[in-house]
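Residues 143 to 426 in my numbering are what the sequence shown spells out, letter by letter.
C-beta: ideal position from N, C-alpha, C; glycine also.
All values reported here derive from a predicted model rather than from experimental measurement.
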Amino acid sequence: MPAAAGFSESLSSFLIAKAQSWIAAEAGPGRLLPWVPVAFGTGIAIYFAAAREPVAWVTAVTAIAFCAAAFAARRSRMFPFAVMLAALAAGFAAATLKTARVAHGVLARPMFSVTIKGFVETRDERERTDRFVLRVEDMESARGGQKLERVRLSVKKGTAPAVGSFVELKARLLPPLSPLRPGSYDFGRDMYFQGIGASGFVMGAIKTMEAPRAGGLYLRYAAAMQGMRDAIDSRIRSVVSGDNRAIATALLTGRRDAISAPVNDAMFISGLGHVLSISGYQVA
Numbered sequence: 143m144p145a146a147a148g149f150s151e152s153l154s155s156f157l158i159a160k161a162q163s164w165i166a167a168e169a170g171p172g173r174l175l176p177w178v179p180v181a182f183g184t185g186i187a188i189y190f191a192a193a194r195e196p197v198a199w200v201t202a203v204t205a206i207a208f209c210a211a212a213f214a215a216r217r218s219r220m221f222p223f224a225v226m227l228a229a230l231a232a233g234f235a236a237a238t239l240k241t242a243r244v245a246h247g248v249l250a251r252p253m254f255s256v257t258i259k260g261f262v263e264t265r266d267e268r269e270r271t272d273r274f275v276l277r278v279e280d281m282e283s284a285r286g287g288q289k290l291e292r293v294r295l296s297v298k299k300g301t302a303p304a305v306g307s308f309v310e311l312k313a314r315l316l317p318p319l320s321p322l323r324p325g326s327y328d329f330g331r332d333m334y335f336q337g338i339g340a341s342g343f344v345m346g347a348i349k350t351m352e353a354p355r356a357g358g359l360y361l362r363y364a365a366a367m368q369g370m371r372d373a374i375d376s377r378i379r380s381v382v383s384g385d386n387r388a389i390a391t392a393l394l395t396g397r398r399d400a401i402s403a404p405v406n407d408a409m410f411i412s413g414l415g416h417v418l419s420i421s422g423y424q425v426a
């Protein structure tokens with residue numbers, strides 16, 4: 143119908159004119175810059191929504207081309223659009239390259255009584271158990287299986303080995319946990335980007351051994367930082383106890399795992415959870 147077609151055309155013209163005026167208003171005073179990280183994040187979101195893994199070098203070349211085009215159009219009226227497209231492509235490429243850089247093996251099925259040797263990279267104290275990440279140097283199982291780079295293991299409270307130590311242990315390993323329901327938090331993806339290929343728990347005693355080689359600069363740094371956090375936590379423990387100690391430790395070192403579930407829930411329900419999430423890591 144001519145009337146409907148005319149209305150659609152006028153509406154489209156109105157929306158385009160409004161968009162152009164909005165962009166001009168934002169770009170004029172220099173307020174367009176905060177939208178660059180939004181476009182960058184949108185590119186990352188598009189990567190995670192992709193049906194299959196993109197080719198890393200293609201995304202990198204495309205992002206460079208868009209950045210070059212934006213630079214060439216810096217005196218053009220199309221410069222804001224070019225910058226946003228460049229940021230979008232850069233976000234997509236960054237996510238692709240990050241995934242390619244951290245690519246590692248992931249456990250596909252449970253493994254029992256696995257003998258593992260490796261360096262302890264991190265250690266967390268929780269309400270009932272301790273947890274640590276082991277960088278695997280050697281891994282043996284009666285049924286074989288793929289080699290993993292890192293595993294995250296739970297152990298009885300107070301028995302986690304020191305960060306930087308080289309240990310041998312037996313463990314039961316499980317594949318990374320999938321989302322509990324569609325759209326919920328993906329624990330497996332979080333572990334993947336931390337370089338962790340499996341989780342599980344220690345069976346029996348942990349033996350500290352002489353390392354076959356140096357653990358590297360990062361491991362020495364992690365051990366030094368863990369020593370500082372342990373010293374702070376020890377000092378706090380001598381003064382306060384329970385959840386008061388756990389909250390004080392979280393504020394100063396960023397370690398929140400020792401806070402009991404009811405107190406943690408109460409903090410977030412009351413709107414104070416961000417104090418633990420942000421302040422602790424800034425101080426740490």
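- In terms of Cβ geometry, F329 and L319 form a close pair [threshold 8 Å].
- By the 16-neighbour rule on beta-carbons within 10 angstroms, M220 is exposed.
- Taken in chain order, the complete alpha helix (DSSP H) segments of 4 residues or longer contained in the segment 176-228 are 177-191, 198-214.
- Between the alpha carbons of F156 and W164 lies a gap of roughly 12 Å.
- When C-beta atoms of the segment 382-399 are compared with those of the segment 262-273, three or more pairs fall below 8 Å, so the two segments count as touching.
- Annotated three-state conformation of L290 is coil, per DSSP.
- Judged by DSSP in its simplified three-state form, V305 adopts coil rather than helix or strand.
- Going by DSSP, G260 is part of the beta strand (DSSP E) stretching over 253-267.
- Judged by their CB atoms, M345 and E310 are not nearer to each other than the 8 Å cut-off.
- Within the same chain, Cβ atoms closer than 6 Å to the Cβ of V305 are found at V262, R265, A364, A365, Q368, the five residues on either side in sequence being excluded.
- E151 sits in a helix when the DSSP states are folded into three classes.
- Non-local C-beta neighbours of A242 in its own chain, meaning closer than 7 Å and more than five positions away in sequence, comprise A198, ordered along the chain.
- The way I'd put it, the segment 273-286 doesn't touch the segment 228-246; fewer than three beta-carbon pairs between them come closer than 8 Å.
- In the three-state reduction of the DSSP assignment, R273 falls in the strand class, which pools E and B.
- By the CB criterion at 8 Å, F182 and A229 fall inside the cutoff.
- The Cβ atoms of L249 and L276 lie no closer than 8 Å to each other.
- The C-alpha of M226 is placed about 19 Å away from the C-alpha of V200.
- When A232, A207, A202 are compared, the shortest CA-CA separation from A187 is found for A232.
- Excluding the 5 residues flanking it on each side, M409 has same chain C-beta neighbours closer than 7 Å at G415, L418, in chain order.
- In chain order, T238 place their CB closer than 6 Å to the CB of P196, counting only its own chain and leaving out the 5 sequence neighbours on each side.
- Inter-residue distance for E151 and S218 is about 27 Å (C-alpha atoms, whole angstroms).
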